[in-house]
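Residue numbers (our numbering): 10 to 254.
Where is the CB? At the ideal position from N, CA and C, for every residue including glycine.
Predicted, not measured: the structure shown is a model, and the values here were computed from it.
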Amino acid sequence: LALARRIAGNTIRAMAQLGCKVGFIGKVGHDTTGDFFVQALENLGIEPIVFRGQERSGKCVSLISADGERTMVTHLGAALELSAEEIEPTIFDGYDCLYIEGYLVQSHELILKAARTAKECGLEVAIDLASFNIVAENLTFLRELVREYVDIVFANEDEAKTFTCEAEPLNALQAISEMAGLAVVKIGTKGALIKRGDEVVHVGIMAAAKRVDTTGAGDFYAAGFLSGLTEGLTLRQCGTIGAIT
Numbered sequence: 010l011a012l013a014r015r016i017a018g019n020t021i022r023a024m025a026q027l028g029c030k031v032g033f034i035g036k037v038g039h040d041t042t043g044d045f046f047v048q049a050l051e052n053l054g055i056e057p058i059v060f061r062g063q064e065r066s067g068k069c070v071s072l073i074s075a076d077g078e079r080t081m082v083t084h085l086g087a088a089l090e091l092s093a094e095e096i097e098p099t100i101f102d103g104y105d106c107l108y109i110e111g112y113l114v115q116s117h118e119l120i121l122k123a124a125r126t127a128k129e130c131g132l133e134v135a136i137d138l139a140s141f142n143i144v145a146e147n148l149t150f151l152r153e154l155v156r157e158y159v160d161i162v163f164a165n166e167d168e169a170k171t172f173t174c175e176a177e178p179l180n181a182l183q184a185i186s187e188m189a190g191l192a193v194v195k196i197g198t199k200g201a202l203i204k205r206g207d208e209v210v211h212v213g214i215m216a217a218a219k220r221v222d223t224t225g226a227g228d229f230y231a232a233g234f235l236s237g238l239t240e241g242l243t244l245r246q247c248g249t250i251g252a253i254t
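Written out as structure tokens, the structure reads:
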């Protein structure tokens, strides 16, 4: 179950295509874009827990360069109106994990209510730190959130460094795992480091002849990893599925 304004929708879509039961919590406007989005979720087999706001539905344009890198131009619109008051315990019925994107940190009250309610309902909580800028601007809050409520943390190398003040990825992994039960630090072309308890795993990338489009690469990694985790697979197997996805 994803609580999202931006990137988590990519993760939920990929998990649905991998055969997982998933839902999406968000907010759209009273417009054709919002109608289209809700219908698209239903067509993919995703439960739409979607509220309607006063603003127009958000939009995102992804600009792809020749080397496959992307730049996002985003207008969040109605997504910014999603509030803590709309998060009710019944939303979490039938789900095992709440996946939160770091961009939600713009609303501390919302993210705290969602994480706290999910834990009270017996769910695990996973978070993707989203951006090193987001982490830097909300460092104290995010650390407290992870220590108190989060079970699984996904971060890339820059996000992990900013979150822990550790330049070495392995040291950052250790620091994150001391706050949350399971830590995943993605280290670009070197793959990912994964730690749970005393177990540390390194999983390499799946090589491609050419990078065409990196949009959603980290989101899809999380989808593959979480899909494997729900099936009770080993950390190495989860990391491998994440890399393939």
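Which listed residue (ALA17, ASP44 and PHE45) has its alpha carbon closest to that of PHE33: Locating residue 33 in the sequence shown gives position 24, where the first residue counts as 1. PHE33 has its Cα closest to that of ALA17, out of ALA17, ASP44 and PHE45.
Going by the beta-carbon positions, is the gap between ALA124 and VAL114 smaller than 8 Å? The sequence position of residue 124 within the sequence shown is 115, counting from 1. The sequence position of residue 114 within the sequence shown is 105, counting from 1. No; because the gap between Cβ atoms is not below 8 Å, this pair is not in contact.
If distances are taken between C-alpha atoms only, which option among THR198, LEU202 and GLU129 comes closest to ILE96? Position 87 of the sequence shown, counting from 1, holds the residue named residue 96. Nearest neighbour of ILE96 by Cα position, chosen from THR198, LEU202 and GLU129, turns out to be GLU129.
Just list the residues that DSSP pairs ILE58 with in beta bridges. Stepping through the sequence shown from its first residue, residue 58 is reached at position 49. ILE58 is bridged by DSSP to ILE34.
Tell me where the beta strand (DSSP E) around LYS204 begins and ends. Position 195 of the sequence shown holds residue 204. LYS204 -> beta strand (DSSP E) spans 201-205.
Beta-carbon contacts of ASP160 that lie in its chain and below 7 Å, excluding the five residues immediately before and after: Numbered from its first residue, the sequence shown carries residue 160 at position 151. Answer for ASP160: GLU133, VAL134, ALA135, ALA189, GLY190 and LEU191, listed in chain order.
Where ALA87 and PHE45 are concerned, what is the direct C-alpha to C-alpha distance, given to the nearest angstrom? Mapped onto the sequence shown, residue 87 falls at position 78. Mapped onto the sequence shown, residue 45 falls at position 36. Taking the straight line from one Cα to the other gives about 14 Å.
Suppose you measure from the CA of ALA201 to the CA of VAL155; what does that come to, to the nearest Å? Start at 1 with the first residue of the sequence shown, and residue 201 comes out as number 192. Start at 1 with the first residue of the sequence shown, and residue 155 comes out as number 146. Taking the straight line joining both Cα atoms gives about 20 Å.
As an exercise, report each continuous beta strand (DSSP E) stretch of at least 3 residues that is fully enclosed by the region 79-137, in chain order. Fully enclosed beta strand (DSSP E) runs of no fewer than 3 residues occupy 79-86, 106-110 and 133-137 of the region 79-137, in order along the chain.
Do you know how far the Cα of MET24 is from the Cα of VAL37? For the purposes of this step, residue 37 is taken as residue 28 along the sequence shown, with counting starting at 1. For the purposes of this step, residue 24 is taken as residue 15 along the sequence shown, with counting starting at 1. C-alpha separation (whole angstroms): 22 Å.
Please report how far the alpha carbon of PRO98 lies from the alpha carbon of ALA127, in whole angstroms. For the purposes of this step, residue 98 is taken as the residue at position 89 of the sequence shown. For the purposes of this step, residue 127 is taken as the residue at position 118 of the sequence shown. Straight through space, the alpha carbons of ALA127 and PRO98 are spaced by roughly 7 Å.
When DSSP builds the beta bridges, which residues end up paired with CYS69? Your numbering for residue 69 matches position 60 in the sequence shown. Per DSSP, THR83.
Which residue or residues does DSSP assign as beta-bridge partners of ALA139? To locate residue 139, count along the sequence shown from 1; it is residue 130. According to DSSP, ALA139 bridges with nothing at all.
Would DSSP call LEU12 helix, strand or coil? On the sequence shown, position 3 is the one that residue 12 refers to. Strand, per DSSP.
Can ALA256 and TYR112 be called in contact, C-beta distance under 8 Å? Outside the shown range of the chain, which is 10 to 254, sits residue 256, and nothing can be said about it.
Which residues in the same chain have their Cβ closer than 8 Å to the Cβ of VAL47, if we skip the five residues on either side of it in sequence? Reading the sequence shown from its first residue, position 38 is the one you call residue 47. In its chain, beyond the 5 residues on either side, VAL37, PRO57 and VAL59 have a beta carbon closer than 8 Å to the beta carbon of VAL47.
Could you tell me which of LEU182, GLY225 and GLY227 sits nearest to GLU208, measuring between CA atoms? Here residue 208 refers to the residue found at position 199 when the sequence shown is read from its first residue. Among LEU182, GLY225 and GLY227, the Cα nearest to that of GLU208 belongs to LEU182.
In or out: LEU151 buried (at least 16 other Cβ within 10 Å) or exposed? Translated into positions along the sequence shown, residue 151 becomes position 142. With 16 or more other Cβ atoms within 10 Å, it is buried.
If the criterion is Cβ atoms closer than 8 Å, does the pair ASP76 and GLU110 meet it? Translated into positions along the sequence shown, residue 76 becomes position 67. Translated into positions along the sequence shown, residue 110 becomes position 101. Contact flag unset, no.
Coil, strand or helix - LEU191 by DSSP: Working through the sequence shown from its first residue, we reach residue 191 at position 182. Assigned with DSSP and collapsed to three states, LEU191 falls in strand.
Reduced DSSP category for GLU240 - H, G, I as helix; E, B as strand; rest coil: Taking the sequence shown and counting its residues from 1, one reaches residue 240 at position 231. GLU240 falls in the coil class under three-state DSSP.
Please list, in chain order, all residues of the same chain as GLY248 whose beta carbon is under 7 Å from its beta carbon, the five residues on each side excluded. To locate residue 248, count along the sequence shown from 1; it is residue 239. For GLY248, where only same-chain residues beyond five positions count, the Cβ hits under 7 Å are ALA201, ILE203, VAL210, VAL212 and PHE234.
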